[in-house]
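**Student:**
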Amino acid sequence: MPTLPFQLHTLDAPRQAQARIDILVIAGWTGRDSAAVEAHVRELEAIGVPRPRATPLFYRVSAELLTQADEICVLGAESSGEVEAVIVASAGSLWVGVGSDHTDRRLERLDVPRAKQCCAKAIGRELWRFDDVEPHWDELRLRSYVHVPEGRMLYQEGPLAALLAPRGLVSRYATEGLPQGTALFCGTLPVHGVVRRASRFEMELIDPVRGRTLRHAYTVQELPIAE
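In our numbering, the protein residues as written are 688 to 914.
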């Protein structure tokens, strides 16, 4: 299982720490508003992804997919990222980071759980203490950019108020709270335009109350599919 270095930010001075991740979970269809969930369902239906049987859903994937690398490799030219807040249970506390649930869209049309397992899941190198942001959680904002032939484009943006509240989401997955060593991706926002591949994906989690931002970015190397 991966052990990743993080800079942990509290209201005191930041510190460096190692976090071993044994359990990696991707939460899907986590919109707080049914209309927002339906919008995300429709944008994925437009590329052939079947409707979920229930909402939210929790996809357990290999923890070894979690990476802080600046580049990931994917098979073929039909994958894309999506920005998410990530809750990490480590060192006896909950922490919040920014991540990307990069997914194989071609396989997703056939089998969503397997599509989730196919690609690396990026996470940034800094975490905020959950208790420090929970009081104004709904004011936190997610944002992503994609680098495409037309240039750098805004891809997703919106407040976490659009998604299920974190404690409620956690309780739906684990009634007694997240086990230590768990990373939970908390769901994403609809995209501007259509779901699309990109050569580079940038992601941000913005705290306007404390005036700080978590950032991470990665390039995507598309490997050829042998015929």
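The C-beta atom is built at its ideal place from N, Cα and C for all residues, glycine as well. None of these values were measured; they are calculated from a predicted model.
1) Where do the N-terminal and C-terminal ends of the alpha helix (DSSP H) with His-834 fall, by residue?
2) Have a look at Val-783 and Gly-763 and give me their C-alpha separation to the nearest angstrom.
3) When you compare only the Cα positions, how much space is there between Val-799 and Gly-768?
4) Where does Pro-877 sit, in a helix, a strand or coil, going by DSSP?
5) What residues in its chain sit with their C-beta under 6 angstroms from that of Val-878, if we drop five residues either side in the sequence?
6) Could you give the first and the last residue of the continuous alpha helix (DSSP H) run that contains Cys-760?
7) Arg-816 and His-696 - do their beta-carbons sit closer together than 8 angstroms?
8) Name, in chain order, the residues that DSSP records as bridge partners for Val-748.
9) Could you work out which residue in Ala-885, Val-785, Leu-698, Glu-821 is closest to Glu-837 when comparing CA atoms only?
10) For Cys-926, count the other beta carbons within 10 Å of its own beta carbon; 16 or more makes it buried, fewer makes it exposed. Which is it?
11) Buried or exposed for Gly-718, going by 16 or more other Cβ atoms inside 10 Å?
12) Kindly indicate which three-state DSSP category Val-736 falls into: helix, strand or coil?
13) Measure the beta-carbon distance from Val-773 to Val-761 and round it to whole angstroms, keeping in mind my assumption that it falls under 8 angstroms.
14) Under the three-state reduction of DSSP, which class applies to Arg-887: helix, strand or coil?
15) According to DSSP, simplified to helix, strand and coil, what is Pro-822?
16) Comparing C-alpha positions only, which one of Val-882, Gly-880, Arg-830, Arg-883 sits nearest to Leu-901?
17) Assess, as a yes-or-no matter, whether the stretch 787–795 is touched by the stretch 843–854 under the definition of 3 or more beta carbon pairs within less than 8 angstroms.
18) On the DSSP bridge list, what partners appear for Tyr-905?
19) Compute the Euclidean distance between the alpha carbons of Leu-871 and Ala-750, then round it to the nearest angstrom.
20) Classify Val-896: buried if its beta carbon has 16 or more other beta carbons within 10 angstroms, exposed otherwise.
**Tutor:** A quick look at the data gives this:
1) Element bounds for His-834: not the alpha helix (DSSP H) but the beta strand (DSSP E), 828–835.
2) Each residue's alpha carbon lies about 31 angstroms from the other.
3) Cα to Cα, the separation comes out at about 15 angstroms.
4) Coil, per DSSP.
5) Around Val-878: Tyr-842, Gln-843.
6) First-last for Cys-760: 758–762, but that is the beta strand (DSSP E), not the alpha helix (DSSP H).
7) Their beta carbons are under 8 angstroms apart, which means His-696 touches Arg-816 by this criterion.
8) According to DSSP, which records beta bridges pairwise, Val-748 is partnered with Leu-711.
9) Nearest to Glu-837 by C-alpha distance, out of Ala-885, Val-785, Leu-698, Glu-821, is Ala-885.
10) Because the chain here runs from 688 to 914, residue 926 falls outside it and cannot be looked at.
11) Taking all protein chains shown into account, Gly-718 has 16 or more neighbouring C-beta atoms within 10 Å of its C-beta and is therefore buried.
12) Here DSSP, grouped into helix, strand and coil, assigns Val-736 to coil.
13) So it is not a contact: roughly 20 angstroms between Cβ atoms.
14) Here Arg-887 sits in strand by DSSP.
15) Here Pro-822 sits in helix by DSSP.
16) The candidate whose alpha carbon is nearest that of Leu-901 is Arg-830.
17) No contact exists between the stretch 843–854 and the stretch 787–795.
18) Answer is Phe-888, bridged to Tyr-905.
19) For the pair Leu-871 and Ala-750, the Cα-to-Cα distance works out to about 11 angstroms.
20) So Val-896 counts as exposed.
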